[in-house]
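Presented below is the structure to which this report refers.
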DNA sequence: ACAAAAGTGTTACCCTTACACCCATGT
DNA sequence: ACATGGGTGTAAGGGTAACACTTTTGT
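Residue numbers (UniProt numbering), protein chains in the order written: chain Y, 1 to 250; chain U, 1 to 250.
Dropping the structure here:
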């Protein structure tokens with residue numbers, strides 16, 4: 001008796017044989033941020049008790065980066081997401097045993113290299129979506145991750161390291177924070193990614209010196225206390241810094 | 001009339017169809033260093049007027065990193081080379097038109113993603129080798145590169161940027177310099193990679209502080225002037241720094 | 001009044017840069 | 001003597017960390 005899961009696997013086996021490049025998959029570590037925690041988006045495959053990074057295959061006529069954007073949009077509905085390729089994972093045994101019990105000509109059972117991308121998103125703009133093969137798609141706190149399938153834990157760990165290293169020479173915040181945000185909110189973002197407290201005054205000066213912020217005349221009304229100043233990112237400087245970095249030393 | 005080149009292409013088309021993963025290639029930017037210049041290893045394909053980075057395909061039962069090491073060894077005879085995966089290149093048109101005129105079922109004509117690695121080697125230990133498909137394998141100065149095929153110039157540029165960025169948090173020199181080397185030689189290496197002069201006294205202090213050097217009692221005799229001190233790398237500290245970096249900030 | 005936010009000041013420390021000086025030593 | 005290498009000194013400047021003080025302002 002074929003299970004529903006197997007039926008769907010077979011369907012996509014046929015489709016992907018037609019449409020996708022063999023040997024290549026794309027996995028995305030989608031970081032999400034709110035005012036209190038750092039989470040990543042995980043999906044649960046039907047009939048498996050493990051979670052997985054959202055991923056997919058690359059179409060035969062599609063640029064690699066475009067494929068990553070497409071897969072992400074399929075999973076989150078979000079566009080204009082910051083995406084960064086960080087490493088390609090290619091151990092022979094990385095998918096070992098995963099499709100045991102399925103026939104060898106199942107497309108998904110072949111050996112894949114996985115190109116890892118990480119994405120930075122805002123919870124509010126993202127609608128986690130299940131697909132035919134998954135029965136759940138949820139945000140999980142990076143400190144309380146469930147068991148991940150294959151080598152997805154290693155992929156996640158590498159992504160988090162890259163993200164933190166990136167804070168030294170890349171700005172962060174666009175598309176994570178609302179368009180207008182306050183200085184304490186920006187600082188919270190950094191503290192949550194780095195998982196440690198930062199000094200307020202020094203943070204203020206550092207950000208100001210980078211020149212990526214526009215200070216608005218408005219303040220955020222409605223809070224219990226003094227209305228904080230609102231900022232937006234100076235897109236020109238921000239994007240220039242994204243491309244070329246803040247500093248390089250030597 | 002089939003050319004010799006076509007005959008060989010066809011031979012390898014059959015072999016690789018059997019042996020190698022489809023859609024994936026590996027390209028290596030092999031940096032070589034001597035006392036005066038920075039060069040990379042290039043090969044020239046028979047019957048083409050363009051040069052290429054040495055590369056190859058990944059065997060079906062081979063780890064990605066192992067494949068890169070194997071390809072490098074085939075080309076240079078050198079083992080124990082520092083290899084670093086830096087980016088995967090996957091534009092649809094990156095190999096466009098390259099095998100025009102050849103039949104569509106030629107294995108090499110399919111679309112490939114290329115996983116880029118850069119290697120650091122010592123001229124003296126490397127024996128550039130041609131293979132069936134190439135009629136030349138030469139060191140070329142990075143300031144005087146010939147036309148490169150496909151997107152290999154972009155791959156090279158990215159590698160050089162990564163190499164330079166890496167000097168900020170990774171040690172360099174092992175396997176590039178002879179086992180015993182002098183401080184001025186080490187400084188020359190940095191100056192050649194960075195393409196700019198460095199202050200001697202400050203360089204001396206910086207290196208000393210990193211703690212990656214063992215100072216030997218010996219000196220290098222035979223020079224025209226004062227015999228300089230010899231150093232070796234402290235492998236424990238060196239390798240630790242390679243893995244975890246010198247500093248991370250924040 | 002209270003509490004959060006904004007902005008600034010201060011101090012100490014470290015690192016970097018750029019020079020400069022002195023010593024050692026092989027030819 | 002001379003050229004190179006080794007080692008250290010120093011003064012200026014910039015960045016960071018840690019702390020503290022003041023002012024502003026919404027409830």
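Using N, Cα and C, we set each Cβ at its ideal position, and we do this for glycine too.
Looking at the C-beta of residue i, does it have a partner C-beta in chain U at a distance below 8 Å?
i, result
"residue 162 of chain Y", "no"
"residue 109 of chain Y", "no"
"residue 172 of chain Y", "no"
"residue 137 of chain Y", "no"
"residue 126 of chain Y", "no"
"residue 87 of chain Y", "yes"
"residue 230 of chain Y", "no"
"residue 142 of chain Y", "no"
"residue 63 of chain Y", "yes"
Throw me the rounded Cβ distance for the residue i and residue j pair, which I believe falls under 8 Å.
i, j, result
"residue 181 of chain Y", "residue 149 of chain Y", "Rounded, the Cβ-Cβ distance is 36 Å, inconsistent with contact."
"residue 84 of chain Y", "residue 57 of chain Y", "That belief does not hold up - the Cβ atoms of residue 84 of chain Y and residue 57 of chain Y are roughly 20 Å apart, past 8 Å."
"residue 146 of chain Y", "residue 139 of chain Y", "With a Cβ gap of about 12 Å, residue 146 of chain Y and residue 139 of chain Y do not count as contacting."
"residue 219 of chain Y", "residue 179 of chain Y", "Not a contact, Cβ separation roughly 15 Å."
"residue 13 of chain U", "residue 47 of chain U", "Incorrect: roughly 16 Å between the Cβ atoms, too far for contact."
"residue 24 of chain Y", "residue 23 of chain U", "5 Å"
Does the separation of the CB atoms of residue i and residue j fall below 8 Å?
i, j, result
"residue 171 of chain Y", "residue 210 of chain Y", "yes"
"residue 78 of chain Y", "residue 121 of chain Y", "yes"
"residue 41 of chain U", "residue 30 of chain U", "yes"
"residue 64 of chain U", "residue 21 of chain Y", "no"
"residue 8 of chain Y", "residue 132 of chain Y", "yes"
"residue 207 of chain U", "residue 186 of chain U", "yes"
"residue 192 of chain U", "residue 86 of chain U", "no"
"residue 189 of chain Y", "residue 173 of chain Y", "yes"
"residue 169 of chain U", "residue 217 of chain U", "no"
"residue 152 of chain U", "residue 53 of chain U", "yes"
"residue 265 of chain U", "residue 130 of chain U", "Residue coverage of chain U in this structure runs from 1 to 250, which leaves residue 265 of chain U outside it and unanswerable."
"residue 197 of chain Y", "residue 228 of chain Y", "no"
"residue 234 of chain U", "residue 202 of chain U", "no"
Hey, does residue i have any beta-carbon neighbour from chain Y nearer than 8 Å?
i, result
"residue 19 of chain U", "no"
"residue 60 of chain U", "yes"
"residue 201 of chain U", "no"
"residue 24 of chain U", "yes"
"residue 90 of chain U", "yes"
"residue 115 of chain U", "yes"
Thinking just about the alpha-carbon of each residue, which of the options is nearest to the one in residue i?
i, options, result
"residue 244 of chain Y", "U:169, U:161, U:238 and U:206", "U:161"
"residue 125 of chain U", "U:87, U:75 and U:159", "U:75"
"residue 111 of chain Y", "Y:220, Y:92 and Y:3", "Y:92"
"residue 142 of chain Y", "Y:155, Y:136 and Y:135", "Y:155"
"residue 123 of chain U", "U:61, U:81, U:220 and U:225", "U:81"
"residue 88 of chain Y", "Y:73, Y:116, Y:17 and Y:66", "Y:116"
"residue 102 of chain U", "U:135, U:144, U:230 and U:6", "U:6"
"residue 109 of chain U", "U:16, U:43 and U:72", "U:16"
"residue 28 of chain U", "U:50, U:228, U:104 and U:70", "U:70"
"residue 212 of chain Y", "Y:239, Y:24 and Y:95", "Y:239"
"residue 144 of chain U", "U:51, U:67 and U:68", "U:51"
"residue 68 of chain Y", "U:225, U:157, U:90 and U:18", "U:90"
"residue 135 of chain Y", "Y:201, Y:45, Y:10 and Y:24", "Y:45"
"residue 253 of chain Y", "Y:72, Y:100, Y:107 and Y:221", "In the structure displayed, chain Y extends from 1 to 250; residue 253 of chain Y sits before or after that span and is not available."
"residue 195 of chain U", "U:230, U:96 and U:163", "U:163"
"residue 104 of chain Y", "Y:10, Y:225, Y:199 and Y:230", "Y:10"
"residue 61 of chain Y", "U:95, U:60 and U:225", "U:95"
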